[in-house]
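Notes follow the structure.
Residue numbers (the numbering used here): 140 to 278.
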């Protein structure tokens with residue numbers, strides 16, 4: 140049959156960008172799909188998080204620029220949002236917006252957390268040739 144080349148990475152990124160941004164294309168793609176707005180539902184959590192991430196982009200860009208320039212220090216254990224407010228990089232409203240996004244993104248990422256008890260094997264099945272291994276060890 141006729142062979143086709145896969146789309147270029149550039150085209151793939153462009154399609155993904157259009158599909159992930161709110162707008163006509165995304166609305167058309169999801170027209171017949173139920174989209175929850177409940178953050179306790181996995182699909183609702185994804186949808187709400189995406190919207191809030193997009194809304195927080197201007198504040199995030201300001202904060203990232205200040206971090207790159209060394210105006211704001213971003214180290215584990217410090218509140219860099221408060222540091223950014225104190226230095227006039229972002230407002231209190233923007234900081235709260237970024238804190239909420241950070242919390243929502245952490246919830247989205249944590250979906251594969253399982254209690255070890257849930258994933259441990261409940262029984263061990265010995266294979267048909269397990270006797271051969273024990274006789275090998277005795278030799």
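We put the CB at the ideal spot given by N, CA and C, even for glycine.
Here residue 196 is exposed: its Cβ has fewer than 16 other Cβ atoms, across all protein chains shown, within 10 Å.
Per the C-alpha coordinates, the member of 215, 218 and 211 positioned closest to residue 226 is 211. Taken in chain order, the complete alpha helix (DSSP H) segments of 4 or more residues contained in the region 207-238 are 219-225. The beta-carbon separation of residue 201 and residue 228, rounded to 6 Å, stays under the 8 Å limit for a contact. Cα atoms of residue 254 and residue 141: separation of roughly 49 Å, rounded to the nearest angstrom. Straight across, the Cα-Cα distance linking residue 215 with residue 143 is about 48 Å. For the pair residue 170 and residue 177, the Cα-to-Cα distance works out to about 18 Å.
For residue 172, the three-state secondary structure derived from DSSP is coil.
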